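Counting from 0, one number per residue, gives the positions in the sequence shown under numbering that gives the first Met the number 0. Idealized CB from N, CA, C, for every residue including glycine. What you are looking at is a predicted structure, and each value in this text was computed from that prediction instead of being measured.
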Amino acid sequence: MTVGLFIPCYVDQFYPGAAIATLKLLKKLGVNVVYPAGQTCCGQPMANSGYEHLTGGCNHLFIDNFSGFDYIVSPSGSCVLHLKEHLHAQGQEDKAAHIRNRIYELTEFLTDVLKVKKLNARFPHKVGVHQSCHGQRGLMLSQMSELVAQPFSKPMQLLNMVEDLEVISLNRKDECCGFGGTFCVAEEAVSAKMGKDRVNDHLMNGAEYITGADMSCLMHMEGILRRQNSNVKVIHIAEILNAEPERIPVTTD
Numbered sequence: 000m001t002v003g004l005f006i007p008c009y010v011d012q013f014y015p016g017a018a019i020a021t022l023k024l025l026k027k028l029g030v031n032v033v034y035p036a037g038q039t040c041c042g043q044p045m046a047n048s049g050y051e052h053l054t055g056g057c058n059h060l061f062i063d064n065f066s067g068f069d070y071i072v073s074p075s076g077s078c079v080l081h082l083k084e085h086l087h088a089q090g091q092e093d094k095a096a097h098i099r100n101r102i103y104e105l106t107e108f109l110t111d112v113l114k115v116k117k118l119n120a121r122f123p124h125k126v127g128v129h130q131s132c133h134g135q136r137g138l139m140l141s142q143m144s145e146l147v148a149q150p151f152s153k154p155m156q157l158l159n160m161v162e163d164l165e166v167i168s169l170n171r172k173d174e175c176c177g178f179g180g181t182f183c184v185a186e187e188a189v190s191a192k193m194g195k196d197r198v199n200d201h202l203m204n205g206a207e208y209i210t211g212a213d214m215s216c217l218m219h220m221e222g223i224l225r226r227q228n229s230n231v232k233v234i235h236i237a238e239i240l241n242a243e244p245e246r247i248p249v250t251t252d
């Protein structure tokens, strides 16, 4: 199995630690990972703004970079969902279809393809889990609380394998943070208020860290936390799953 690692442009520029942790985690689990150096933006910002007809160049470039892999994995649910639903290219539709069916967000790849049952990871902190809308309602990474259905959560399934991690309970566990891509620019006031409400839920319940599968949502909440001079930090789930246990030094008499 050879996996093409897709790192969204904002992760590459602002949160390289999440990208590095994703790479290290996949390699630790025995996956042969290749990072295509020519990759750029997937085109989601343009499509979200109503300019999907201008994403042709992004689509063709993505296909050129990723069509040869068994799977494509990314630490970003929103970018993955965009490609699953919108990747098309004239003259390359067979390759586009292959990618649409083979691209995975990191946590669903670990649970659904690799079927990970154990992780050698330790993160001794109280952590709040943010369920991003794209991941929960688009990729079905977790069950929606308004449905009368059996609950499940792929991110939680993995976090439960991390030693000494305490997941806090939230009052509204799957509420939107208000980021919404370009929504936070077009509707700044509404977006900021939604973000403050989401952050406050984590703060009131004692979170030391807020994690999730979408760094864009975490980035939005990080801005609010910084403006509040909060000590609470955001961290991508890959960085927790890759957090190695501290080694106890061996002493001799």
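Residue 164 and residue 126 closer than 8 Å at C-beta
As a first step, residue 164 is located in the sequence shown; it is residue number 165 there, counting from the start. As a first step, residue 126 is located in the sequence shown; it is residue number 127 there, counting from the start. Yes, they are a contact pair.
If you follow the alpha helix (DSSP H) that residue 215 is part of, which residue opens it and which one closes it?
Looking up residue 215 in the sequence shown gives position 216. From DSSP, the alpha helix (DSSP H) with residue 215 extends over 214-226.
Using the Cα positions of residue 180 and residue 77, report the straight-line distance between them to the nearest angstrom.
For the purposes of this step, residue 180 is identified with residue 181 of the sequence shown, where counting begins at 1. For the purposes of this step, residue 77 is identified with residue 78 of the sequence shown, where counting begins at 1. When rounded, the distance between both Cα atoms is 9 Å.
Determine, using beta carbons only, whether residue 229 and residue 202 come nearer to each other than 8 Å.
Taking the sequence shown and counting its residues from 1, the one referred to as residue 229 is at position 230. Taking the sequence shown and counting its residues from 1, the one referred to as residue 202 is at position 203. Result yes, Cβ atoms of residue 229 and residue 202 sit closer than 8 Å.
Please find out if some non-hydrogen atom of the ligand ADP comes closer than 7 Å to the beta-carbon of residue 107.
Ligands displayed in this structure: none; no statement on the ligand ADP is therefore possible.
Determine whether the beta carbon atoms of residue 107 and residue 140 lie at a separation below 8 Å.
Counting from 1 along the sequence shown, the entry for residue 107 is found at position 108. Counting from 1 along the sequence shown, the entry for residue 140 is found at position 141. Yes. Within cutoff.
Under the assumption that residue 72 contacts residue 4 (Cβ atoms under 8 Å), give the Cβ distance between them as a whole number of angstroms.
The residue given as residue 72 occupies position 73 in the sequence shown. The residue given as residue 4 occupies position 5 in the sequence shown. About 6 Å; that satisfies the 8 Å criterion.
So what does residue 125 bridge to, in DSSP terms?
The residue you call residue 125 lines up with position 126 of the sequence shown. For residue 125, which the question treats as bridged, DSSP gives the partners 165.
Count the other CB atoms, across all protein chains shown, that sit within 10 Å of the CB of residue 171; report buried if there are 16 or more and exposed otherwise.
Against the sequence shown, residue 171 aligns to sequence position 172. Flag for residue 171 reads exposed.
Proximity winner among 14, 158, 133, 182, relative to residue 83 (alpha-carbon distances)
Residue 83 sits at position 84 when you count from the first residue of the sequence shown. Among 14, 158, 133, 182, the Cα nearest to that of residue 83 belongs to 133.
Around the Cβ of residue 238, are there at least 16 other Cβ atoms within 10 angstroms (buried) or fewer (exposed)?
Taking the sequence shown and counting its residues from 1, one reaches residue 238 at position 239. That one is buried.
Cβ-Cβ distance between residue 216 and residue 131 below 8 Å:
To locate residue 216, count along the sequence shown from 1; it is residue 217. To locate residue 131, count along the sequence shown from 1; it is residue 132. Taking 8 Å as the Cβ cut-off, residue 216 and residue 131 qualify as a contacting pair.
Verify the CB distance criterion: does residue 138 have a CB-CB separation below 8 Å to chain D?
Reference to chain D is not applicable here, since this structure consists of a single protein chain.
So, with DSSP's three-state summary, where would you put residue 186?
Within the sequence shown, numbered from 1, the residue matching residue 186 stands at position 187. Coil at residue 186, not helix or strand.
Specify, as a first and last residue, the run of the beta strand (DSSP E) that residue 119 falls within.
Reading the sequence shown from its first residue, position 120 is the one you call residue 119. No beta strand (DSSP E) contains residue 119, which DSSP labels as neither H nor E.
Status (buried if at least 16 other CB within 10 Å, exposed otherwise) for residue 10
In the sequence shown, the residue the question calls residue 10 occupies position 11. Buried, because 16 or more other Cβ atoms sit within 10 Å of the Cβ of residue 10.
Suppose only complete runs of 3+ residues qualify. What are the beta strand (DSSP E) ranges in the stretch 0-80, listed by chain order?
1-4, 31-33, 70-73
Contact check, residue 177 vs residue 197 under 8 Å by CB: the rounded distance?
As a first step, residue 177 must be located in the sequence shown, where it is residue number 178. As a first step, residue 197 must be located in the sequence shown, where it is residue number 198. That pair is a contact at about 7 Å.
If you count every other CB in all the chains shown that lies within 10 Å of the CB of residue 146, and 16 or more means buried, which is it?
As a first step, residue 146 is located in the sequence shown; it is residue number 147 there, counting from the start. With fewer than 16 Cβ atoms within 10 Å of its Cβ, residue 146 is classed as exposed.
DSSP bridge partner residues for residue 211 (one or two, in chain order)
Taking the sequence shown and counting its residues from 1, the one referred to as residue 211 is at position 212. Paired residues: 235.
Can you have a look at residue 33 and say buried or exposed, based on whether 16 or more other CB atoms are within 10 angstroms of its CB?
To locate residue 33, count along the sequence shown from 1; it is residue 34. Classification of residue 33: exposed, given that the 10 Å Cβ count is below 16.
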